[in-house]
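Q: Structure in C-alpha cells, see below.
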Amino acid sequence: MPVTTTAAAVRITPVAIKTFLLHSKRKVKRIKDSRKTDEAHDDLLFDEAFHIVKAFIDFGTKNTVESLQAFTNTHVPAPYWACVCPVTIPFLSCNNAADALIEWFGPEELKLVVGGERWWQVRGLSGVDAEWMAEEEHLDSAPKSDSGKKIGASEANIKRMEKLDTVMLYVHGGAYFWGSINTHRYQILHYAHKFEGRAFAVNYRKAPQYPWPCPLQDVLAAYLYLIRPPPGAHHKAIPPSKIVLAGDSAGGGLCLTVLTILRDLGLPMTAGAVLISPWVDLTHSFPSVMQNITTDIIPKYGFINKHSTLWPVPTMPDAGDRIIDAVTNEPPKPGDADTLKPSLERLGRPEGEVYGPGEPAKTQQEMLEDSGSSNPTKSGTSGDTVSSNSIPTNEEAMKEGIQEDIDQWEPKPPKVLRSNPDSIPLELRSQIQMYAATEHLTHPLVSPILQGSLGNLPPLYIIGGDGEALRDEIVYLAHKAANPSEYPTRKGVLWEARRQKENVEKFTKPTRVHLQIFDGMCHVLTVFTFTRSAKYAYKSIAAFVQHVTQHDADYLELHPFPESEQVAELQKQKRARKAEIHTKEGLESNRHYHSEPVQDTLHQTKLDVQQVTHRPDTHLALENEEIAEDRSQFSADLPYIRSRFLIRERVDVNGNTRAMEPKEQLQALQLKPSEIGVLKEAPALRWEEGQKKWDKRYARSAKRVHKQKAHYAAKAEKLVRHALEQGLIHKPEGRREEVDHSLSRTTTPLRRKSLGEIEQDRRWGPLDLDDERPPATAIAGRRDTPEAVALLKKTIYHTAPKTHLTVPKLKTSDAMAAAFDPNDDPINPPTQSASEQQVKGQLVSLHGLKMWDKLLRYFGKKSATKVVEGISATVEMAGLKSNSM
Numbered sequence: 001m002p003v004t005t006t007a008a009a010v011r012i013t014p015v016a017i018k019t020f021l022l023h024s025k026r027k028v029k030r031i032k033d034s035r036k037t038d039e040a041h042d043d044l045l046f047d048e049a050f051h052i053v054k055a056f057i058d059f060g061t062k063n064t065v066e067s068l069q070a071f072t073n074t075h076v077p078a079p080y081w082a083c084v085c086p087v088t089i090p091f092l093s094c095n096n097a098a099d100a101l102i103e104w105f106g107p108e109e110l111k112l113v114v115g116g117e118r119w120w121q122v123r124g125l126s127g128v129d130a131e132w133m134a135e136e137e138h139l140d141s142a143p144k145s146d147s148g149k150k151i152g153a154s155e156a157n158i159k160r161m162e163k164l165d166t167v168m169l170y171v172h173g174g175a176y177f178w179g180s181i182n183t184h185r186y187q188i189l190h191y192a193h194k195f196e197g198r199a200f201a202v203n204y205r206k207a208p209q210y211p212w213p214c215p216l217q218d219v220l221a222a223y224l225y226l227i228r229p230p231p232g233a234h235h236k237a238i239p240p241s242k243i244v245l246a247g248d249s250a251g252g253g254l255c256l257t258v259l260t261i262l263r264d265l266g267l268p269m270t271a272g273a274v275l276i277s278p279w280v281d282l283t284h285s286f287p288s289v290m291q292n293i294t295t296d297i298i299p300k301y302g303f304i305n306k307h308s309t310l311w312p313v314p315t316m317p318d319a320g321d322r323i324i325d326a327v328t329n330e331p332p333k334p335g336d337a338d339t340l341k342p343s344l345e346r347l348g349r350p351e352g353e354v355y356g357p358g359e360p361a362k363t364q365q366e367m368l369e370d371s372g373s374s375n376p377t378k379s380g381t382s383g384d385t386v387s388s389n390s391i392p393t394n395e396e397a398m399k400e401g402i403q404e405d406i407d408q409w410e411p412k413p414p415k416v417l418r419s420n421p422d423s424i425p426l427e428l429r430s431q432i433q434m435y436a437a438t439e440h441l442t443h444p445l446v447s448p449i450l451q452g453s454l455g456n457l458p459p460l461y462i463i464g465g466d467g468e469a470l471r472d473e474i475v476y477l478a479h480k481a482a483n484p485s486e487y488p489t490r491k492g493v494l495w496e497a498r499r500q501k502e503n504v505e506k507f508t509k510p511t512r513v514h515l516q517i518f519d520g521m522c523h524v525l526t527v528f529t530f531t532r533s534a535k536y537a538y539k540s541i542a543a544f545v546q547h548v549t550q551h552d553a554d555y556l557e558l559h560p561f562p563e564s565e566q567v568a569e570l571q572k573q574k575r576a577r578k579a580e581i582h583t584k585e586g587l588e589s590n591r592h593y594h595s596e597p598v599q600d601t602l603h604q605t606k607l608d609v610q611q612v613t614h615r616p617d618t619h620l621a622l623e624n625e626e627i628a629e630d631r632s633q634f635s636a637d638l639p640y641i642r643s644r645f646l647i648r649e650r651v652d653v654n655g656n657t658r659a660m661e662p663k664e665q666l667q668a669l670q671l672k673p674s675e676i677g678v679l680k681e682a683p684a685l686r687w688e689e690g691q692k693k694w695d696k697r698y699a700r701s702a703k704r705v706h707k708q709k710a711h712y713a714a715k716a717e718k719l720v721r722h723a724l725e726q727g728l729i730h731k732p733e734g735r736r737e738e739v740d741h742s743l744s745r746t747t748t749p750l751r752r753k754s755l756g757e758i759e760q761d762r763r764w765g766p767l768d769l770d771d772e773r774p775p776a777t778a779i780a781g782r783r784d785t786p787e788a789v790a791l792l793k794k795t796i797y798h799t800a801p802k803t804h805l806t807v808p809k810l811k812t813s814d815a816m817a818a819a820f821d822p823n824d825d826p827i828n829p830p831t832q833s834a835s836e837q838q839v840k841g842q843l844v845s846l847h848g849l850k851m852w853d854k855l856l857r858y859f860g861k862k863s864a865t866k867v868v869e870g871i872s873a874t875v876e877m878a879g880l881k882s883n884s885m
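Taking the UniProt record's numbering, the leading residue of the sequence shown gets 1, the next gets one more, and so forth.
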C-alpha cells in the first residue's frame, strides 16, 4: 500500500486511540504516586502527536522510497494569511555553486573521491524550486514598477517583501531523502511571523537519486542567489549580514556544511545560523544513537524501506549477508572507513589479493598491535595512528608508473569496529545510508562533526531534545565549535584530507555557540508547535535572528547572543545589589556603577563582583559573610550558563532554563577523538537486523525489482538508439571542435518539429558521464529505474544540455507508446523524480499535509486544556491528525 492520506489514517488512527487510553492510565498513576515533576508526555497533545509522528515515519519504512517522497513533496497551497511566492533558482546560480564546490574539492579529490565533477550537476528541472514566504500583515501595499510598466503578482509580492530586511534561508529536514517545502511551510511561516521578516525556503534535490554532494550544491546555490541575484531575479541583493541560515535534522547538517565551505573559500558569511537537531554524524558513533531509540520518533532500525528499483542497494545481497566478517586484512585498519585513495602497496598487489580470498583476516587486537597502537583496548580503534595506507601524491604515483590505476580505483566497503578486540572486524556489503555511499560517510562534508575545525564560523544557536537519538552528537558539536583545540578531529580523517589538515591551524578562533537541550523532547521538537517547549524555542530563535541581523559586527563580537531571561535576571539582581550597597555607604560613584552596561561573559561578571567587593575606598558596611554569600551566588548561578564562547543550558517542559551540568558529566564529551566518526558494531548490527526482516518480508518485491530493472534498462537503450536515428548529435565538452559547428544552435532545435531546446546554461546531461564514477544510487548514472528513463528522455528531447548539438524529433512509434503510458506524454516533458519535482496532487484540501497544517495552527491558538475537553473530541482530533500525516 503506497503512502497516501487514507493509508496513513488507517495505520495511525488506532495509535491515536491507544495513546489516549494509555495516557489516562499514566495520569492516574502520576496522581497516585504524587509525582510533582512535569514531563513532556504529561501533555496529552504532545503524547498524541509524538506517537502519531512516530507511527507515520514507521509506516513510511514499510513503503518504497519513491512513494514516501511523492507524498511528502506533494504541492499544498499556502494559507490565505501568508504571502508565498514560488521561484526557480536558475542555472547561473547553480553553476556558480558548482564552481565553488569544484574549487573546494580540487581536481584530485573530485576524481578519486566524488567520482567526477559532472554527474552531481545533472538535474531534471531547469534550476531549484524555492519559495519566498512572509506574513501578509507585515507587507507594504502593492508596489509600483520602476519603469511604470505593469508587473506580475509574484514580482509585486516579492518587492512588497523588501521592506523586511531580515531573511531566514531555511533548509528542511527529512533524513536527506524525504520532506519538502510543503512539509515545513507552516513552521517556516511561524518563524517569519515571530521575527517579523521574510523566509526563503529551498526544495533541494534529495537522495538516494541525488546523493551527496547534490543537496549541498542546491543549498549553496540558494545562498548565492540571495546575495548575488542573477538577471531576471525579482529581489535586490541581500547583504549576508541580514541572512540567517536555519535548518532541522538533515537541513541543520547542510547549513553547517555550507558555512564551512563559505569559510574555507573566503566567501561572505551569514549573520548566524540556527541548527535544530542537526544530523552531523552519519556514522552513528555516539552512544545516544543506541540509548534513546524508544524516546525518539526515529524508527528502531533507522530508515529502511520496501524494495524498489531505487532502494536498497544492492536489492538483495549477491552472496552472503549485507554485513559479513572481514575476509582480508586490507582494506582497512579496524575502525577506519576504507581509504578513499589507494596506497601504492595495495595497487601493486593482484586484484584478488587486494580484496577477497587471500591472507586470512586478523583479529582487531592483532591488527592494532601490528599498527603499533600502544593501548588498543582504551582507544578502541587505530584512528589515532596514521594508517599504512598513506595517500600518494600525483607526482609520487607518476614515478611508480601507476597513475592510471589510481584514476580507475573504486573504494571498497569499509570495515566496522567490533566491541570485542579478539573478534575479526565486520565488513559492510550494502549501502547503509541513503545520503552518501558508505565509503563517503567519514568525509567532513558528509559528516561535519569530522571537520578539521569548526572555528571561525558566525554565531550558532543549536537546540536538541534530551530524548532524541542525535543528542550526543549535538552536544559534542556545540563544544567542538566553541573549543576547536579541545575537541580535535581524529588523525585518520586529517591524514586523508589536505584541506582539513590545513584548517586545524588556519581556523583557531572559537565559534560563539548557544546550546540548549530540552527535557523530554524528541528529534526536531519544533514540529510540535503547540507545546511550551516549542513555543519557547520559536521565541528564542526569533530573538536570535533579530539580534544577529540588527547589530553590527563590532557589537556582535562582544554580544553574540541576546540575553537569556535567567542571565538578564541575574544581571538585574546584581545591579540592584550594587545600588543597595552604594546607597548604604553614600558613595559618589554609585551612579557610575548603577548605570554601567550589562557585561556579556562570565569573566566580566565575576570581575564586576570583585570590583564591588574589593575596592579599598568603599568601606563597605556589609559583614564579610554577606560579601562571601553575594560573591558565591554569582559564581554558582553563572558558571555553566555563560562562558566566553559557549552558553550551555537545559530547558524544562515549561520553558524554564537552567545551567547544564559540568562537562565531566556529559557522556558525549568523554569520547576520544579516535572513537568519533567510526562505524561501530551495535548500530550496524541493529540496522542489519531490520534490513534482514525487510529482505524477508519483501522477498517477492525484490524478485520483481530485478525484472523491472532489466525492463527499464532496455527501454533506456532503445530511447538513446532511436534518438541517434532521429538526428541526435552529442559530443562531450572538450571534443566539440570535432563537430561541424554549422549544426550548433543556441536555443533553436535542428529539426523544426522538435519539441525542446538546448539550454546553454545546462552544462551536463546523463550522456556526458562516460569517464565519471557516480554513486550506485545516483539517477544521472542509472538507466534501470523509471525516474532515470524520465530524466534521460527530458534531457534528449526537451531541455538538452549544451553538449547536445541537436534536439531530435520523437520517433512516431515512441510517441504512440507514450500516448498510452499514464506516466509519459508524447508532447510534454516527462514528470521528473519526486526527489526533485513537486507532485501536483488531486483533492489537495484532503491531503494529509494540508490537514496537518490546519491542526498545527488550531492547536497553536487553543490551549491544551480547551482542546482536550471530552474524550470524543480528543479521539476525533486524533483521527483527523492521523490523516494529516
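C-beta: ideal position from N, C-alpha, C; glycine also.
As the structure is a prediction and not an experimental result, all values here were calculated from the model.
Give the range of the beta strand (DSSP E) segment to which residue 932 is assigned.
A: The requested residue 932 is not part of the displayed model; the chain covers only 1 to 885.
Q: Once you ignore the five residues that flank LEU259 on each side, which residues in its own chain have a CB closer than 8 angstroms to its CB?
A: LEU245, MET269, THR270, ALA273, LEU457, PRO458
Q: Touching or not, the segment 447-454 and the segment 218-232, by the rule of three or more beta carbon pairs under 8 angstroms?
A: no
Q: If you draw a straight line from the C-alpha of VAL289 to the C-alpha of ILE243, how long is it?
A: 32 angstroms
Q: Any beta carbon of chain C sitting closer than 7 angstroms to that of ARG471?
A: Absence of chain C from the displayed structure is noted, only one protein chain being present.
Q: Tell me whether THR270, by its Cβ, gets closer than 6 angstroms to a heavy atom of the ligand SAH.
A: For the ligand SAH, the structure offers nothing, since it holds no ligand at all.
Q: List the DSSP bridge partners of GLU506.
A: Residue identity check: residue 506 is Lys in the sequence provided, not Glu. For LYS506, which the question treats as bridged, DSSP gives no partner whatsoever.
Q: For TRP120, list the residues DSSP reports as bridge partners.
A: Paired residues: none, contrary to the question.
Q: Which residue marks the beginning of the alpha helix (DSSP H) containing TRP694, and which one marks its end?
A: Annotation for TRP694: the continuous alpha helix (DSSP H) segment containing it runs 681-697.
Q: Comparing C-alpha positions only, which one of ALA815, TRP764, HIS730 sits nearest to VAL807?
A: HIS730
Q: Do you know how far the Cα of GLU468 is from the Cα of THR19?
A: Rounded to the nearest angstrom, the two C-alpha atoms are 20 angstroms apart.
Q: Counting only the same chain and skipping the five closest in sequence on each side, list residues whose C-beta sits under 6 angstroms from that of SER430.
A: ARG322
Q: Assign LEU125 to one of two classes, buried (16 or more other C-beta atoms within 10 Å of its C-beta) or exposed (fewer than that).
A: buried
Q: Skipping 5 residues on each side, what residues in its chain have a beta carbon closer than 8 angstroms to that of GLU502?
A: GLY452
Q: Can you give me the Cβ contacts of ALA237 inside the same chain, cut-off strictly under 7 angstroms, excluding the 5 residues immediately before and after it?
A: Only ILE227, ARG228, PRO229 meet the Cβ criterion.
Q: Does the beta-carbon distance from SER674 to ARG490 come in below 7 angstroms?
A: yes
Q: Where does LYS840 sit, in a helix, a strand or coil, going by DSSP?
A: Of the three classes helix, strand and coil, the one that applies to LYS840 here is coil, per DSSP.
Q: Using CA atoms only, rank isn't needed, just tell me which of LEU216, VAL28, LYS194 is closest to HIS172.
A: LEU216
Q: Go ahead and label residue 891 buried or exposed: buried means 16 or more other beta carbons lie within 10 angstroms of its beta carbon, across all protein chains shown.
A: Because the chain here runs from 1 to 885, residue 891 falls outside it and cannot be looked at.
Q: Closest to ASP784 by C-alpha separation, out of LYS206, VAL313, ARG118, would be which residue?
A: For ASP784, the nearest C-alpha among the options comes from VAL313.
Q: Going by the beta-carbon positions, is the gap between PRO425 and ALA543 smaller than 7 angstroms?
A: no
Q: Buried or exposed: GLN611, going by 16 or more other Cβ atoms within 10 Å of its Cβ?
A: Low confidence applies to GLN611: its pLDDT is 37, below 50, so where it sits in the model is not reliable, and the reading given next is rough at best. Exposed, by the Cβ-count rule.
Q: Hey, how far is the Cα of HIS235 from the Cα of TYR170?
A: 17 angstroms
Q: Below 6 angstroms CB to CB, which residues in the same chain sit around GLN500 once its five sequence neighbours on both sides are set aside?
A: The residues are PRO444, GLY452, LEU494.
Q: Nearest to SER835 by alpha carbon, out of GLU162, ALA134, THR257, TRP178?
A: TRP178
Q: Run through DSSP, which three-state label would TRP212 get?
A: coil
Q: Closest to TRP119 by C-alpha separation, out of SER447, PRO830, ARG782, LYS794, would be which residue?
A: ARG782
Q: Per DSSP, which residues does THR74 bridge with? Please list them.
A: For THR74, which the question treats as bridged, DSSP gives the partners VAL839.
Q: TRP687: which of GLY465, ILE298, GLY655 sits nearest, CA to CA?
A: ILE298
Q: Measure how close the beta-carbons of TRP764 and GLN121 come, nearest whole angstrom, since I'm counting them as under 8 angstroms.
A: 5 angstroms
Q: Measure the C-alpha to C-alpha separation of GLN667 and PRO448 and round it to an integer number of angstroms.
A: Taken atom to atom, the span from the alpha-carbon of GLN667 to that of PRO448 is near 20 angstroms.
Q: Do three or more CB pairs link the segment 40-58 to the segment 5-19 at distances below 8 angstroms?
A: yes
Q: Measuring CA to CA, which of ASP472, LYS150, PRO421 is closest to LEU669?
A: ASP472
Q: Looking at the unbroken alpha helix (DSSP H) that takes in TRP311, where does it start and where does it end?
A: First-last for TRP311: undefined, no H or E at that position.
Q: Residue 968: buried (16+ other C-beta within 10 angstroms of its C-beta) or exposed?
A: There is no way to answer for residue 968, as the model of the chain reaches only from 1 to 885.
Q: Roughly how many angstroms lie between the CA atoms of LYS793 and PRO830, to the nearest whole one?
A: 7 angstroms
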